[in-house]
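In terms of full-length UniProt numbering, the sequence shown has 63 at position 63, counting the first letter as 1, and numbering is strictly consecutive.
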Amino acid sequence: MFQNRRTILLFICSIVFVQALYYIVTLQVKHNQTRLINFPSIISYEQGSDIEKIIVQDIKNVTYFNNTSISKESIRELKSSVDDLISINFTKPDPIIYNSLPICNFSISNNDSSIYKVTINKDINPFNIIEKHHGFDLHIGGHWFPKTCQTEQRLAIIVCYRNREPHLKLFLDNIHPFLKQQQLDYTIFIVNQHGYEQFNRAMLFNVGVIEALKLYSFNCFIFHDVDLLPEDLRNVYKCGEKPRHMSVAVDKFHYRLLYSTLFGGVTAFSVSDFMGANGYPTIYWGWGGEDDDMYLRVVKKLKKSITRYPVSIARYKMIRTLNHTSGKPNPDRYTILYSKYNYDHDGLNTTNYKLHNIVFNKLYILINVTLKEESFEQIRMRLNIKKRETKKPIRKKKV
Ligand code: BGN
């Protein structure tokens, strides 16, 4: 009897022990997992595409979270120690053949401006149709370069993105033929902000630059909203001596510049100007202010002015809503913008993100990331930003 009871007790104890062990182990695994693991809208393309095999570089283990900073030096190191695993998918021009070619010279020679007007394709086609339109001469990852001449610049178009598939389709269907006509060596990067943190347009741009430089020696970056389509071929997607504001005249704003320091929509930076400005700020969560901050970086940190093509050339069509609503305006954007914080203390060197994976699609390279959101209080403490005094309205005394 006693013997039996002891066996039963021992049996129950071992079951409880095994269950407890299982509970602890699963809890640990859950804790280590990324909080969000679905990549909604773009997946359909990855699965649906039958034209080109999609190569997925799963680099979930690569994380920049908790890295204190990514310094300019480490970016230079990234550039030199190109990650073989990733760059293997990236076709570069053969230097021997390429150097023997004449320099590409897309020139604007005709006075008749109507010949430069772009016909915008407004049909939202499935990705495989867009591939049929423009993919035949693309290298994987939305990379193209002319075959008959050599380019001086290597351009990365960095597009910030979250859940706007119809916009992305229209963008790709229109931007590829536009850039090919300008005879550019270009690659399209879509930086997708995964997760539920507030959208951070500027930080996604920094991520795009950091990841792009691991692949190829890009020397020109164009930062692009996905809903803007260039309308004139004379709006050349090249970098110059100064940072350029490209989207000067947008149809939504009646082809007029909203204000003289506007620097949103589409901008072009040489790699050295971008590094010199310490990239885009990382502290604008939600809508507004980050582009104005970048303008101030150019003027105050780079000590340069911005340049623009004329209103008659720098024309864009903005893709209207298609069920898209822009993010919540950031209530703290004025405080941050006017605080005169030190640009060395925030930007490219404080870009914290978790890289989930990089997908080499035919039409573009998709970079999936989660950004680490900082509260306004944390931003304020980190950058020593003083609270703005809210002026109380002066009440008139009742007589
Ligand atoms: C401005 C926004 C920009 C935005 C343009 C165009 C701010 C900060 C004000 C100090 N700036 O008002 O971020 O690109 O409108 O929509 O909100």
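C-beta atoms are modelled at their ideal positions from N, C-alpha and C, and glycine is treated no differently.
When secondary structure is reduced to three states using DSSP, L371 falls in the strand class.
Ranked by Cα distance from P95, the options K147, F274, K169 are led by K147.
Residue selection by CB proximity (closer than 6 angstroms to any heavy atom of the ligand BGN) returns L258, G264, G288, G289, D291, D292, R333, Y334, L337 in chain order. The count of Cβ pairs closer than 8 angstroms, one atom from the stretch 333–343 and one from the stretch 163–171, stays below three, leaving the stretches out of contact. Secondary structure note for V159: its beta strand (DSSP E) is the uninterrupted segment 154–161. With 16 or more other Cβ atoms inside 10 Å of its own Cβ, I283 counts as buried. If one requires a minimum length of 4 residues, the alpha helix (DSSP H) runs lying completely within the stretch 104–141 are 127–134, in chain order. A residue is called buried when at least 16 other Cβ atoms come within 10 angstroms of its Cβ; R6 does not meet this threshold and is exposed. Between the stretch 171–189 and the stretch 208–224 there are three or more C-beta pairs closer than 8 angstroms, enough to call the two in contact.
Rounded to whole angstroms, A314 and L257 show a C-alpha spacing of 10 angstroms.
In the three-state reduction of the DSSP assignment, D346 falls in the coil class, being assigned neither a helical nor a strand state. N349 counts as buried, since no fewer than 16 other beta carbons sit within 10 angstroms of its beta carbon.
A direct Cα-to-Cα measurement between N206 and I15 gives close to 52 angstroms. Spatial neighbours of T261 in its own chain (CB-CB distance under 8 angstroms, excluding positions within 5 residues in sequence) are listed in chain order as D292, Y295.
At a cut-off of 3 residues, the continuous stretches assigned as beta strand (DSSP E) that sit fully inside the stretch 244–317 are 266–270.
The shortest C-alpha to C-alpha distance from G265 to any of F223, F136, I157 is the one to F223. Approximately 7 angstroms separates the beta-carbon atoms of N278 and K301; this is inside 8 angstroms, confirming the contact.
In this structure, N121 is the residue among N121, C149, P310, T91 with its C-alpha nearest to the C-alpha of L168. A direct Cα-Cα distance of roughly 23 angstroms separates H139 from I124. Restricting attention to E241, F17, N89, the CA atom closest to the CA of V359 is found in N89.
Burial of P230 is indicated by the presence of at least 16 other C-beta atoms within 10 angstroms of its C-beta. When the alpha-carbon of T325 is set against those of F199, Q150, F17, the nearest one is in F199. Between K92 and W144, the CB-CB gap reaches or exceeds 9 angstroms. Around E373, the same chain offers E197, Q198, N200, W285 as residues with beta carbons nearer than 8 angstroms, after the five sequence neighbours per side are excluded.
Secondary structure of H324 (DSSP, three-state): coil.
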